[in-house]
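Structure record follows, encoded as structure tokens.
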Amino acid sequence: MTLDTLNEARPSVALVLEEQNVLAIRDIDMPTKPKAGEVKIAVDTVGVCGSDVHYYTHGRIGPFVVNDPMVLGHEAAGTITEVGEGVTGLKVGDRVCMEPGIPDMSSRASKLGMYNVDPAVAFWATPPIHGCLTPNVIHPAAFTYKLPDNVTFAEGAMVEPFAVGMQSATKAKIQPGDIALVLGAGPIGVMTALAALAGGCAEVFVSDIVAEKLTVAAQYDGITTIDVSKVSAVDVINAKTDSWGADIVFECTGAPAVFKTITDAVRPGGCIVFVGMPVDPVPLDLVSMQAKEIRMETVFRYANIYDRAINLIASGKVDLKPLVSATFDFADSIVAFDRAVEARPTDVKIQIKLPGTTV
Numbered sequence: 044m045t046l047d048t049l050n051e052a053r054p055s056v057a058l059v060l061e062e063q064n065v066l067a068i069r070d071i072d073m074p075t076k077p078k079a080g081e082v083k084i085a086v087d088t089v090g091v092c093g094s095d096v097h098y099y100t101h102g103r104i105g106p107f108v109v110n111d112p113m114v115l116g117h118e119a120a121g122t123i124t125e126v127g128e129g130v131t132g133l134k135v136g137d138r139v140c141m142e143p144g145i146p147d148m149s150s151r152a153s154k155l156g157m158y159n160v161d162p163a164v165a166f167w168a169t170p171p172i173h174g175c176l177t178p179n180v181i182h183p184a185a186f187t188y189k190l191p192d193n194v195t196f197a198e199g200a201m202v203e204p205f206a207v208g209m210q211s212a213t214k215a216k217i218q219p220g221d222i223a224l225v226l227g228a229g230p231i232g233v234m235t236a237l238a239a240l241a242g243g244c245a246e247v248f249v250s251d252i253v254a255e256k257l258t259v260a261a262q263y264d265g266i267t268t269i270d271v272s273k274v275s276a277v278d279v280i281n282a283k284t285d286s287w288g289a290d291i292v293f294e295c296t297g298a299p300a301v302f303k304t305i306t307d308a309v310r311p312g313g314c315i316v317f318v319g320m321p322v323d324p325v326p327l328d329l330v331s332m333q334a335k336e337i338r339m340e341t342v343f344r345y346a347n348i349y350d351r352a353i354n355l356i357a358s359g360k361v362d363l364k365p366l367v368s369a370t371f372d373f374a375d376s377i378v379a380f381d382r383a384v385e386a387r388p389t390d391v392k393i394q395i396k397l398p399g400t401t402v
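Read left to right, the sequence shown gives residues 44 to 402 (my numbering).
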């Protein structure tokens, strides 16, 4: 919440982005009491996202600029410690994860089921909205989800990035037996590949130029990696498909060079799902897309996905535990962020463990 709209705000310790390149663990006013329809959650685990790191190192993402101190973090799981009036289906003691974007449910986008593109959405750790790297948060019950007993807090904090992969696979309209190519073996690329496999793909190829990232992806059955510093992804796909092409290509890099040849690996009538976000506008060969009648889909966060993502994790069909590269105590949050800034090729997801107690 913004500082001028806090409900019974009181000082609480948090990881605060003071300004570009300046982090501090200090007290900052945060809401303390749930209102009607809200719950209070003792935060246990928070993942460090690339957007958090980008705000830290650049102070902005597009039009979202850090003009005032902001609490970071939006990938979280914890335990409900208090429920507001009218909350049903959740109770004190429930282990939960939280969807960080809160839309205006009366908006036209929400009524269309596309609440993720509601212009009024308030998203944790997106200026001027505070995030969840603090021991306690207040959150709408409607966007708080119970975790099954066999899903850990660490996995619960991974639901948010996995939901992006799930949204990507959903937008692709996968048919059983499809062959997919994922461009980029970063966290979202790997999770998109896992979601595509769960969605029915027979095989998913994942390409990257960093061997260590490909090693992480290669540990999963059904994923075949392509080191594009050594071999062409198009050549590999053509060899697999008798030069027909992949049914689906997921673009998860945002790298401008990728867009120049992105149509080459897609079959006629296939689909490209744009997941990665280029910093600047990129050219696309629209005529090549028209000649193949390629379907194009775009992804911005997710909508109506969280419960299904949790179900997949709980089923055991998707195992995200190997993707947690390191876990830091809350007191070492700045160290955790500096580790994330290093962008070690073997790191996928860094998480921060909080005390999980109320104040």
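Backbone N, C-alpha and C fix where the C-beta goes; we use that ideal spot for every residue, glycine too. Computed from a predicted structure; not experimentally measured.
Quiz item: Using the C-alpha atoms, what's the distance from Gly174 back to Gln218?
Solution: Within the sequence shown, the letter at position 175 stands for residue 218. Within the sequence shown, the letter at position 131 stands for residue 174. Roughly 37 angstroms between the two C-alpha positions.
Self-check item: Reference Pro183, options Leu133, Gln63, Val309, closest by Cα
Solution: The residue you call residue 183 lines up with position 140 of the sequence shown. Closest by alpha carbon: Leu133.
Quiz item: Is the beta carbon of Gly121 sitting closer than 7 angstroms to the one on Val86?
Solution: The sequence position of residue 121 within the sequence shown is 78, counting from 1. The sequence position of residue 86 within the sequence shown is 43, counting from 1. For Gly121 and Val86, yes; Cβs fall inside 7 angstroms.
Quiz prompt | Candidates Val135, Thr341, Ile266, of which the one nearest Val225 by Cα | solution = Here residue 225 corresponds to residue number 182 of the sequence shown, with the count starting at 1. Out of Val135, Thr341, Ile266, Ile266 has the C-alpha closest to the C-alpha of Val225.
Quiz item: Going straight from the alpha carbon of Ala200 to that of Ala379, what length do you get?
Solution: Within the sequence shown, numbered from 1, the residue matching residue 200 stands at position 157. Within the sequence shown, numbered from 1, the residue matching residue 379 stands at position 336. Spanning the two alpha carbons is a distance of roughly 16 angstroms.
Quiz item: Using the beta-carbon count (16 or more within 10 Å), is Gln262 buried or exposed?
Solution: Your numbering for residue 262 matches position 219 in the sequence shown. Classification for Gln262: exposed.
Practice problem: For the alpha helix (DSSP H) containing His97, list its first residue and its last residue. | Solution: In the sequence shown, residue 97 corresponds to position 54, counting from 1. Looking at the DSSP string, the run of the alpha helix (DSSP H) that includes His97 is 93-101.
Self-check item: Beta carbon of Ala197 nearer than 7 angstroms to that of Val367
Solution: Here the question's residue 197 lines up with position 154 in the sequence shown. Here the question's residue 367 lines up with position 324 in the sequence shown. Taking 7 angstroms as the Cβ cut-off, Ala197 and Val367 qualify as a contacting pair.
Exercise. Give a yes or no on whether the C-beta atoms belonging to Val391 and Val259 are separated by under 7 angstroms.
Key: As a position in the sequence shown, residue 391 is number 348, starting the count at 1. As a position in the sequence shown, residue 259 is number 216, starting the count at 1. Remark: C-beta atoms of Val391 and Val259 approach each other more closely than 7 angstroms.
Quiz item: Considering Tyr188, what are the terminal residues of the beta strand (DSSP E) in which it resides?
Solution: Residue numbering aside, residue 188 sits at position 145 when the sequence shown is read from its first letter. 187-189 is the extent of the beta strand (DSSP E) around Tyr188.
Quiz prompt | First and last residue of the uninterrupted beta strand (DSSP E) at Phe248 | solution = Position 205 of the sequence shown holds residue 248. Its beta strand (DSSP E) spans residues 246-251.
Quiz item: How many Å lie between Tyr188 and Asp350 at the Cα?
Solution: Counting from 1 along the sequence shown, the entry for residue 188 is found at position 145. Counting from 1 along the sequence shown, the entry for residue 350 is found at position 307. Using only the alpha carbons, I get a separation of about 7 angstroms.
Quiz item: Is there at least one Cβ from chain B nearer than 7 angstroms to Met339's Cβ?
Solution: In summary, chain B is missing from the structure at hand, where a single protein chain is found.
Quiz item: Can you give the Cα-Cα distance for Asp18 and Met320, rounded to whole angstroms?
Solution: Because the chain here runs from 44 to 402, residue 18 falls outside it and cannot be looked at.
Practice problem: Compute the distance between the beta-carbons of Cys314 and Ile348, then report whether it is under 7 angstroms. | Solution: Residue mapping note: residue 314 aligns to position 271 of the sequence shown, counting from 1. Residue mapping note: residue 348 aligns to position 305 of the sequence shown, counting from 1. If you check the CB distance, Cys314 and Ile348 do not come in under 7 angstroms.
Quiz item: Going by C-alpha distance, which of Phe166, Val180, Val108 is nearest Pro74?
Solution: Translated into the one-based positions of the sequence shown, residue 74 becomes position 31. Here the closest residue by C-alpha is Val180.
Quiz item: Tell me which same chain residues have a C-beta within less than 8 angstroms of the C-beta of Lys396, skipping the five on either side of it?
Solution: What you label residue 396 is simply residue 353 of the sequence shown in a count that begins at 1. Same-chain partners within the cutoff: Asp87, Thr88, Thr370, Phe371, Asp372, Phe373.
Exercise. Return yes when the Cβ of Glu336 is within less than 7 angstroms of the Cβ of Gly359, no when it is not.
Key: Indexing the sequence shown from 1 puts residue 359 at position 316. Indexing the sequence shown from 1 puts residue 336 at position 293. In this structure, Glu336 does not lie closer than 7 angstroms to Gly359 by Cβ.
Self-check item: Proximity to Ala223 [Cα-Cα], best of Ile269, Val274, Val56, Val325
Solution: The residue you call residue 223 lines up with position 180 of the sequence shown. Looking at the Cα atoms, Ile269 is the closest of the given residues.
Quiz item: Whole-angstrom Cβ separation of Glu203 and His117, contact assumed at under 8 angstroms?
Solution: What you label residue 203 is simply residue 160 of the sequence shown in a count that begins at 1. What you label residue 117 is simply residue 74 of the sequence shown in a count that begins at 1. With a Cβ gap of about 7 angstroms, Glu203 and His117 count as contacting.
Quiz item: Under a three-way DSSP split, which group does Phe302 fall into?
Solution: Working through the sequence shown from its first residue, we reach residue 302 at position 259. Here Phe302 sits in helix by DSSP.
Quiz item: Taking Cβ to Cβ, would you say Pro316 is nearer than 7 angstroms to Gly288?
Solution: Sequence index remark: in the sequence shown, residue 316 carries index 273 (1-based). Sequence index remark: in the sequence shown, residue 288 carries index 245 (1-based). For clarity, residue 316 is Val in the given sequence; the question names Pro instead. Contact: no.
Quiz prompt | Own chain, CB closer than 6 angstroms to Glu255, minus 5 neighbours either side, in chain order | solution = If you number the sequence shown from 1, residue 255 lands on position 212. Closer than 6 angstroms at Cβ, skipping near neighbours: Pro388, Thr389.
Quiz item: From the DSSP output, which residues share a beta bridge with Ala165?
Solution: In the sequence shown, the residue the question calls residue 165 occupies position 122. Answer is Ile145, bridged to Ala165.
Practice problem: Quick one: grab the DSSP three-state call for Phe293. | Solution: The residue you call residue 293 lines up with position 250 of the sequence shown. Strand.
Quiz prompt | Cβ neighbours of Val277 in the same chain (closer than 8 angstroms, five flanking residues each side left out) | solution = Counting from 1 along the sequence shown, the entry for residue 277 is found at position 234. Counting only Cβ-Cβ distances below 8 angstroms, and skipping sequence neighbours, we find Thr304, Asp307, Ala308.
Exercise. Please classify Ala245: is it buried, with 16 or more other beta-carbons within 10 angstroms of its beta-carbon, or exposed?
Key: One-based indexing of the sequence shown puts residue 245 at position 202. When all chains shown are included, Ala245 counts as exposed.
Quiz item: The alpha helix (DSSP H) with Ser358 in it runs from where to where?
Solution: Counting from 1 along the sequence shown, the entry for residue 358 is found at position 315. Per DSSP, Ser358 belongs to the alpha helix (DSSP H) from 349-358.
Quiz item: Where does Asn159 fall in DSSP's three states?
Solution: Position 116 of the sequence shown, counting from 1, holds the residue named residue 159. Helix at Asn159.
Quiz item: For Leu329, which of Arg338, Asp323, Val322 has the nearest alpha-carbon?
Solution: As a working note, residue 329 is residue 286 in the sequence shown. For Leu329, the nearest C-alpha among the options comes from Arg338.
Quiz item: Where do the ends of the alpha helix (DSSP H) carrying Ala260 lie?
Solution: One-based indexing of the sequence shown puts residue 260 at position 217. Its alpha helix (DSSP H) spans residues 254-261.
Quiz prompt | Limits of the unbroken beta strand (DSSP E) element including Phe240 | solution = As a position in the sequence shown, residue 240 is number 197, starting the count at 1. Checking the sequence shown, residue 240 turns out to be Leu, not Phe. From DSSP, Leu240 is part of no beta strand (DSSP E) but of the alpha helix (DSSP H) over 230-241.
Quiz item: Where do the N-terminal and C-terminal ends of the alpha helix (DSSP H) with Gln333 fall, by residue?
Solution: Your numbering for residue 333 matches position 290 in the sequence shown. 329-335 is the extent of the alpha helix (DSSP H) around Gln333.
Quiz item: Got a sec? Which residues, its chain only, sit under 6 angstroms from Arg53 by beta carbon, not counting five neighbours each side?
Solution: Here residue 53 corresponds to residue number 10 of the sequence shown, with the count starting at 1. Excluding sequence neighbours, Arg53 sits near Thr75.
Exercise. May I ask you to list the residues that DSSP assigns as paired with Glu125?
Key: In the sequence shown, counting from the first residue as 1, residue 125 sits at position 82. Partner(s): Lys83.
Self-check item: Cross-strand partners of Ile377 (DSSP beta bridge)
Solution: Residue mapping note: residue 377 aligns to position 334 of the sequence shown, counting from 1. Looking at the DSSP assignment, Ile377 forms no beta bridge with any residue, so it has no partner.
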